[in-house]
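Numbering (my numbering), first residue to last: 16 to 193.
Have a look at this one:
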């Protein structure tokens, strides 16, 4: 299978089996990019930062970026189609049968019980990303830790939009992490 079909297939699986938004897909993306040597763990952190700081949905941004990096424009198109198609198909099917599912207790319980799984994936991603961002083989990266804590507390107090926090962190990163 060529790289473009592989990108389509992998991102279709990621799009199909990810519930809870783009960040919940990070563990699956990491698994596949390492398996196929599409990027390193550190490069994935850069992809995540770039994908989060650009306009649009995270899932589309990161899939497009990984596809482009590995196979140019065609790879970006195939990766993006792969991550979007499952949701598109599911939405069409749900809309078609919405009245049948409306009061189904099994569906309601299934969706309710998926929430802890999504939470565990998100927490795993936070721990994984923070361990690489805040710690290295030589110990704690003090500047990164201070920046993280300052931005976290600042955001708790002032409740800034994600865009403003990202811009602020970028500015602070340029100033302190030369």
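We put the CB at the ideal spot given by N, CA and C, even for glycine.
The model shown is predicted, which means the values in this text are computed figures rather than measured ones.
Quick check: what's the CA-CA separation for residue i versus residue j?
i           : j           : result
residue 28  : residue 41  : 13 Å
residue 167 : residue 56  : 24 Å
residue 188 : residue 161 : 11 Å
residue 86  : residue 24  : 14 Å
residue 102 : residue 110 : 12 Å
residue 62  : residue 112 : 37 Å
residue 153 : residue 69  : 32 Å
residue 222 : residue 191 : For residue 222 there is no data in the structure shown, the boundaries of the chain being 16 and 193.
residue 115 : residue 158 : 55 Å
residue 105 : residue 125 : 16 Å
residue 72  : residue 44  : 15 Å
residue 120 : residue 140 : 31 Å
residue 107 : residue 165 : 44 Å
residue 88  : residue 134 : 34 Å
residue 132 : residue 122 : 16 Å
residue 127 : residue 53  : 35 Å
residue 77  : residue 84  : 10 Å
residue 46  : residue 186 : 31 Å
residue 51  : residue 169 : 39 Å
Find out if the Cβ-Cβ distance for the pair residue i, residue j is shorter than 9 Å.
i           : j           : result
residue 147 : residue 49  : no
residue 92  : residue 80  : no
residue 181 : residue 58  : no
residue 178 : residue 38  : no
residue 100 : residue 17  : no
residue 90  : residue 156 : no
residue 198 : residue 144 : Summary: the structure shown does not reach residue 198, with the chain confined to residues 16 through 193, and so no result is reported for it.
residue 163 : residue 149 : yes
residue 32  : residue 82  : no
For residue i, report the span of its alpha helix (DSSP H) as first-last.
i           : result
residue 21  : 18–32
residue 177 : 177–191
residue 66  : 56–68
residue 51  : Here residue 51 belongs to no alpha helix (DSSP H), and DSSP marks it neither H nor E.
residue 172 : 157–173
Three or more C-beta pairs below 8 Å linking the segment 160–175 and the segment 92–103
no
Contiguous alpha helix (DSSP H) assignments of at least 4 residues, all confined to the segment 111–154:
120–149
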